[in-house]
Amino acid sequence: MANTIALAGKGGTGKTTVTALLVKYLVEKGKTPVLAVDADPNANLNELLGLEVQVTLGEIKNELRSSVPQGMARTDYIEMRLNEAIIEADDFDLVVMGQPEGPGCYCAAHSFLSQALEKLLRHYAYTVIDNEAGMEHLSRLNMREIGHLLVVSDASSRGVLTASRIARLIEPLQLEVDHLWLLVNRAPAQIPESLDDYVREICAQTGLMFLGYLPESEDIFKREINREPLLDLPLHSDVVKQSYRCFDKMLRGG
Ligand SMILES: Nc1ncnc2c1ncn2[C@@H]1O[C@H](COP(=O)(O)OP(=O)(O)OP(=O)(O)O)[C@@H](O)[C@H]1O
Ligand SMILES: [Mg+2]
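Heads up, the sequence shown is in the numbering used here, so the first residue is 12 and it goes up one at a time.
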């Protein structure tokens with residue numbers, strides 16, 4: 012779906028942080044309603060968005076294995092529970108996938124829930140999906156069509172190389188990605204020329220389009236240690252300004 016934006020990248024590069032900044036951007040630009048999806052089993056996007064999680068989709072899936080209340084159609088029950096799993100905030104909603112099913116997955120529950128989720132996505136102008144590190148799980152999401160895949164790297168040559176390896180997994184995983192972006196996060200104020208050259212070289216080789224650099228941010232650091240959400244970061248904060256420039260470019264498509 013054209014308006015699905017998924018985050019990928021190696022561990023700790025800033026996927027969840029960028030997801031929260033992107034939700035803030037979409038809301039402030041009036042590109043609403045927005046659905047944020049936390050697809051990382053070790054969910055923490057809710058904290059950066061200042062929301063509390065009641066129930067995850069994984070928990071609902073587990074419930075479906077055992078109990079559907081008597082006299083209630085399964086599809087009605089799923090829809091009811093799904094509505095309870097959607098956390099509503101001003102102008103955006105959040106849904107948390109939770110733990111993936113273990114061995115002996117009750118596949119009917121999985122497909123019921125995927126169908127319900129697919130129906131739900133149609134109600135939103137944009138869907139933003141935060142992921143765990145790596146790519147394999149993206150194929151587990153049942154969302155093969157992605158408008159923008161945003162690969163986040165740290166400001167190192169090895170980080171950029173890892174991002175390119177992630178980009179190369181799209182084909183074998185049979186994902187359909189319209190736009191493939193590279194975002195280099197936590198960049199120093201002065202970008203070393205050698206890094207900049209390498210970023211452009213890797214992009215030329217892989218089909219990644221370079222979205223830009225996000226600065227190392229004192230504002231993010233302070234909120235992180237105080238466990239505060241990112242949505243109220245001031246618009247004059249460097250990381251907000253820079254990220255908004257990147258997101259403008261992304262939604263323009265280049
Ligand atoms: N631009 C930035 N400036 C300062 N700190 C940052 C920046 N981006 C991310 N961080 C910090 O880096 C750490 C990792 O960020 P984050 O959790 O967003 O990464 P992630 O890729 O989602 O990690 P994981 O792979 O564990 O899900 C956090 O402590 C976050 O506050
Ligand atoms: Mg994360």
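Glycine residues also receive a C-beta, built at the ideal position from the N, C-alpha and C atoms.
Item, Value
"Thinking C-beta only, is residue 138 closer than 8 Å to residue 14?", "yes"
"Please write down, chain order preserved, every residue whose beta carbon lies under 5 Å from a heavy atom of ligand 2.", "26, 27"
"In this structure, how does DSSP classify residue 58 when only helix, strand and coil are distinguished?", "helix"
"What is the DSSP secondary structure of residue 73, counted as helix, strand or coil?", "helix"
"So residue 104 packs on residue 46, CB below 8 Å; how close in whole Å?", "5 Å"
"Let's see if you can read the secondary structure: which residues bound the alpha helix (DSSP H) around residue 85?", "85-96"
"Taking DSSP as the reference, what is the three-state secondary structure of residue 210?", "helix"
"Verify the contact flag: residue 176, CB atom, against every heavy atom of ligand 4, threshold strictly below 7 Å.", "Among the ligands modelled here, namely ligand 1 and ligand 2, ligand 4 does not occur."
"Could you tell me how far apart the beta carbons of residue 49 and residue 108 are, in whole angstroms, since I believe they sit closer than 8 Å?", "6 Å"
"Taking the Cβ atom as the reference point for each residue, do residue 186 and residue 155 lie within a distance shorter than 8 Å?", "yes"
"Provide the residue(s) that pair with residue 28 in DSSP beta bridges, ordered along the chain.", "The partner list for residue 28 (beta bridge, DSSP) is empty, contrary to what the question assumes."
"Quick one: what's residue 15 bridged to in DSSP?", "138"
"So the alpha helix (DSSP H) residue 228 belongs to, where does it begin and stop?", "Unbroken run through residue 228: none, as it is neither H nor E."
"Flag residue 231 as yes when its Cβ comes closer than 7 Å to any non-hydrogen atom of ligand 1, and as no otherwise.", "yes"
"When the distance is taken between beta carbons, is residue 196 closer than 8 Å to residue 24?", "yes"
"From the DSSP output, read off the bridge partner residues of residue 163.", "20, 194"
"When we look at the beta-carbon of residue 94 and count the other beta-carbons within 10 Å, is it buried (16 or more) or exposed?", "exposed"
"Among the residues of its own chain, which have a CB less than 8 Å from the CB of residue 260, if the five just before and after it don't count?", "222, 223"
"Looking at C-alpha atoms only, which residue of 181, 161, 168, 184 is the closest neighbour of residue 193?", "161"
"Taking the beta strand (DSSP E) that residue 49 belongs to, which residues open and close that run?", "45-49"
"Applying the criterion that 16 or more other CB atoms from any shown protein chain within 10 Å of the CB defines a buried residue, is residue 269 buried or exposed?", "Residue 269 lies beyond the stretch modelled for the chain, which goes from 12 to 265, so this question has no answer here."
"Could you check what DSSP says for residue 242 in three-state terms: helix, strand or coil?", "coil"
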